[in-house]
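Remarks on the structure that follows.
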Amino acid sequence: MGTLRLSDIAGRLGLTLQGEDAEVIGVNTLENASPDEISFLANPRYTDQLATTKACAVIVSEEHAGHVRRALVSQNPYQDFGRVLELFARPQGSFSGISPLAFIHPEAQLDNDVTVYPFAYIGPRSRIGSNTSIFPGVYIGEGCRIGQHSILYPNVVLMAGTHIGDRCILHSGCVLGADGFGFARTPQGIQKIPQVGRVSVENDVEIGANSAIDRAVLDATHIHAGTKIDNLVQIGHNVQIGQNCFIVSQVGISGSTHVGANCTFAGQVGIAGHLHIGDNVTIGPKSGVAKNIPSDVVVGGIPTVDQRTYMRTLALMPQFPDLFKRISKLEKELEKIQKGSKEDKD
Amino acid sequence: MGTLRLSDIAGRLGLTLQGEDAEVIGVNTLENASPDEISFLANPRYTDQLATTKACAVIVSEEHAGHVRRALVSQNPYQDFGRVLELFARPQGSFSGISPLAFIHPEAQLDNDVTVYPFAYIGPRSRIGSNTSIFPGVYIGEGCRIGQHSILYPNVVLMAGTHIGDRCILHSGCVLGADGFGFARTPQGIQKIPQVGRVSVENDVEIGANSAIDRAVLDATHIHAGTKIDNLVQIGHNVQIGQNCFIVSQVGISGSTHVGANCTFAGQVGIAGHLHIGDNVTIGPKSGVAKNIPSDVVVGGIPTVDQRTYMRTLALMPQFPDLFKRISKLEKELEKIQKGSKEDKD
Amino acid sequence: MGTLRLSDIAGRLGLTLQGEDAEVIGVNTLENASPDEISFLANPRYTDQLATTKACAVIVSEEHAGHVRRALVSQNPYQDFGRVLELFARPQGSFSGISPLAFIHPEAQLDNDVTVYPFAYIGPRSRIGSNTSIFPGVYIGEGCRIGQHSILYPNVVLMAGTHIGDRCILHSGCVLGADGFGFARTPQGIQKIPQVGRVSVENDVEIGANSAIDRAVLDATHIHAGTKIDNLVQIGHNVQIGQNCFIVSQVGISGSTHVGANCTFAGQVGIAGHLHIGDNVTIGPKSGVAKNIPSDVVVGGIPTVDQRTYMRTLALMPQFPDLFKRISKLEKELEKIQKGSKEDKD
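Quick mapping for you: the protein sequence lines, in order, are chains A, B and C. In terms of the numbering used here, the first sequence opens at residue 4 and continues consecutively. In terms of the numbering used here, the second sequence opens at residue 4 and continues consecutively. In terms of the numbering used here, the third sequence opens at residue 4 and continues consecutively.
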């Protein structure tokens, strides 16, 4: 942090510096970068801006290295932009240690170098791994287990028995382990089916602000390693999500549905319960999934169909009013012909 | 909790035990149950698993009682599964009493056996009924009333004047009583219409994690007894929801809409404002409701139509590209005939 | 509030009082008003209720002034209803001063007459303008700036560097400044793109309960003055929203999309990323926006088209099953004719 020399950045990331060495204090867009900031070109749309940027240096692919004063030559400028950002990123909070204003149950167990902010609550028999940070207003219920180097941002809630892996990031206000939506309509009225399972989240998972992942009826709702979940996502009880999925904002996945690995669900997708979604499945925005989806497909629509079929159907939509006119015209013409042919015969 | 004898469970629930008595420590699926757990068969799909389950005993209907080592014979295995779960369910927290780390206004009134966790805030002139639990981070504004045996999980917010009945469950992060979305565009800019009403929730209501129910402009937004609301649901100002409804996750109901009793709204449904929805109405997932709906119907689609019409329309969707081809062909054929018939006459 | 004289209300708002002066204690609907409350007629649907209301006085346009015992004659009764409500509206909480149960970092700076409730957390180098209220459970991260006369309701979260203007209202549980959803799939797995920007909110903005506005990758996600955002709305990283927009509940706006001024997005709309939406754009409920939208249009549908085209298409939907029948019939008739004409020729 603070300032970094370009040669140092190049060395750390394995990039080639073309041009004189210099010091930079941060990262910015080509358009807004000042002469002490580094920028990047990842999208060809912005190539023109290489000529006008004030950036001290630009992360570019080899072909563009000649067009800037100083280049950090990269085989994947977007990815290396991310890695440079990491050098400059500051943590959300500089607090360390255990605040005396937090509530930590005597039967909770904290490993080394755990940070606990004021007004966090850690319940009995919960265990927090080393170097994990617990921000204000976080609630960790009874018997939870959290790994190392994880971050729980303000007002995150983990209900009893929740497991969180290492290097997870839980954004503010997400709730893990609330009761699943399980009820039976009976002659005596609605009966709640008690939810006695839990939520289990593996390593390297990120969960967005105000998302909700319900505990299982029995056993566990399970999020596998590396999966990234956006804000305001709903995940029902007993759902299983495979490794390295992207679940974009406002998606809802109903109870007991199983999702494979490496899937991408775009915003506001809804998935019915008790379904199986394969690996490498991409679902377009706002789609509604009503049945199982095999692996390696791209689907869209309500209900989902093959993405190309869906796009073709969408393209036809504005022609519908015209279609009805064409059919009415056909009917009239046909009638005319039928009349005429009848007259001919008479 | 702990262990229970099968004969004891049978006695409490009015079931018949077939087979030797034994002790069980919990409930699990047929597939995962260990020899000291009880299981159940509610879905015929899983009948095969009766042969292989390791469960100590299975809750089954009479016809399957002969296929397991020990049977708890039930007329409604799913419902009785729920009742057995209740015997084993543990509360989220074992804390009791009033934490000295909570803030309780001197003018608040707490009845007997109220539990208040650390960092809860209870405002002046609010009253909490006996045996109700208030978890950490809960905010109870001024002049609220909460009944008996209710649970407010972490970070629930009740703004001023909110009423909650008996035996309600409010899941983490739900917000009751935020201002309705009321504004007037005027020549002088946007003017806020102050929202001075409140939220009123009757007995036996459950509200999901991070859901929002807005206070009324005047009077009250009202949720009637027994209704169950899932996570991330939005309920606008002055909405009325009748008894024993199920409102599934991510549904949005706009201001001043009235909903009858025993309705079920599936996930991600949206309902416009100022509408009347009758009793016993079922709305399919992702539907958009733009006008009133009478009682006793099942609807779906955007905008909603009778569910059968909707399903028929959906089934036709993939045939649209073909449809256009058929019409173009018809037009060409007709033209040919018209030309031919003209030539005939010439 | 207490009581107000009608003549006093008329004087403050520039209305004409017709009828005897009297005292009122609140505002209510025509139907529910008691004899010490004031009511209003803004919607012609309710004109009949003028004859039966028990209200002490009614805010009406001139034409209806003769039909009530006491009239407050207004050129815009709905707007003046809002202004009268303002006279009677009470703040959510009567607390004032800085609670000793709050955590305020020694390097935070609070201007005059700031209210801080118990269990609020204010981080280092943050500055709060005068007359701003911070409710319980609010988290204000490092280096935030909040203007004057703003209200942060319970459990609002502002991550590091967030800026909030004057007279803003942030409803409970909204989260500003969580990380945007930025990842790169690489051969080595998923790489997080650090999000180092912030959220900037101008004056007179209102943000609903449990909404989420993500921080920018670089620079700022920006909400311009006067814009009102409802509950459970998702706003992605680097989004810009112009002045005086209405963003209704459960809308999702993906990253880097720019929205002009005076737009209205109805409930559950979804907007893809990197788009430009003009000024004065209205988007109908549940719409999905997949490309740029010019200014001054009304659109609807998935994907959005001109609203009239959309409504016409929707109206045709229920006729689709019939349409298929008509086409099949046409095909058969045509075939008959073709056969017949062939026979004629033979």
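Every residue, glycine too, gets a C-beta built ideally from N, C-alpha and C. All of these numbers come straight from a predicted model, not from anything done at the bench.
Rounded to whole angstroms, S203(A) and G287(B) show a C-alpha spacing of 30 Å. If you draw a 10 Å sphere on the C-beta of T224(C), you find 16 or more other C-beta atoms in it, and that means buried. Counted as a single uninterrupted DSSP element, the alpha helix (DSSP H) harbouring L16(B) occupies residues L9 to L16. Here the C-alpha atom of P94(A) lies approximately 16 Å from the C-alpha atom of I28(A). The way I'd put it, the segment 326-336 of chain B doesn't touch the segment 299-307 of chain B; fewer than three beta-carbon pairs between them come closer than 8 Å. A Cβ-Cβ distance of about 7 Å is found for the pair G168(C) and V208(C), placing them in contact under the 8 Å criterion. Close partners of A212(A) in chain C (Cβ separation under 7 Å): V178, A181 and A215. Annotation: Cβ neighbours of M320(B) in chain A (cutoff 7 Å, chain order): T316.
Of all residues in the segment 101-126 of chain A, those with a C-beta nearer than 7 Å to a C-beta of chain B are F106, F122, Y124 and G126, reading in chain order. One alpha carbon belongs to C266(A), the other to P321(C), and they sit about 34 Å apart.
Annotation for P38(C): K57, A58 and C59 place their beta carbon closer than 8 Å to its own, counting only its chain and skipping 5 residues before and after. For R188(B), the enclosing beta strand (DSSP E) stretches over residues F186 to T189. Within the segment 61-89 of chain A, contact with chain C at the beta-carbon level (separation under 8 Å) is assigned to N79, Y81, Q82, F84, G85, R86, L88 and E89. No Cβ-Cβ contact shorter than 9 Å links C248(B) with G211(B). Note that the C-beta distance between C171(B) and I154(B) is below 9 Å. Counting only unbroken stretches of 4 or more residues, the alpha helix (DSSP H) elements lying wholly within the segment 304-339 of chain C are 310-319, in sequence order. Within its own chain, the residues whose Cβ lies closer than 6 Å to the Cβ of A219(C), once the five positions on either side in sequence are excluded, are G200, H240 and N241, listed in chain order. For E40(B), the enclosing beta strand (DSSP E) starts and ends at E40 to F43. Non-local C-beta neighbours of Q246(A) in its own chain, meaning closer than 6 Å and more than five positions away in sequence, comprise H227, A228, G229 and A264, ordered along the chain. In the structure shown, R86(C) falls within a helical segment according to DSSP collapsed to helix, strand and coil. Nearest CB-CB separation between F268(B) and chain A: not below the 9 Å threshold. Using a CB distance cut-off of 9 Å, Q243(C) does not count as an interface residue toward chain A. The residues G150, G168, D169, R170, C171, A228 and G229, in chain order, have a CB closer than 8 Å to that of N206(A) in the same chain once the five nearest residues on each side in sequence are set aside. In the DSSP secondary-structure assignment, K289(C) is not bridged to any residue.
G229, K231, D233, N234, L235, N247, F249, V251, S252 and Q253: these are the residues of the segment 224-256 of chain A whose beta carbon lies less than 8 Å from some beta carbon of chain C, given in chain order. Bounds of any beta strand (DSSP E) do not take in K294(C), whose DSSP letter is neither H nor E. C-alpha of D83(C) to C-alpha of A45(B): approximately 59 Å in a straight line. With a threshold of 9 Å between beta carbons, I280(B) makes no contact with chain C. Residue range A223 to I226 is occupied by the beta strand (DSSP E) that includes H225(A).
Contact between the segment 70-84 of chain A and the segment 95-112 of chain A is absent: fewer than 3 CB-CB pairs across the two stretches fall below 8 Å. Taking a contact as a CB-CB distance under 8 Å, the pair G276(A) and G255(A) does not count as one, their CB atoms being some 10 Å apart. Unbroken beta strand (DSSP E) stretches of 3 residues or longer found wholly inside the segment 144-181 of chain A: 178-181, given in chain order. Boundaries of the beta strand (DSSP E) harbouring S203(B): R201 to V204, taken from the DSSP string.
Put simply, the backbone Cα of H166(A) is about 44 Å away from that of K195(B). One alpha carbon belongs to G164(A), the other to N31(B), and they sit about 16 Å apart. When C-beta distances to chain B are compared with 8 Å, the residues of the segment 130-164 of chain A below that value are G140, Y142, G144, E145, N158, V160, M162 and A163, in chain order.
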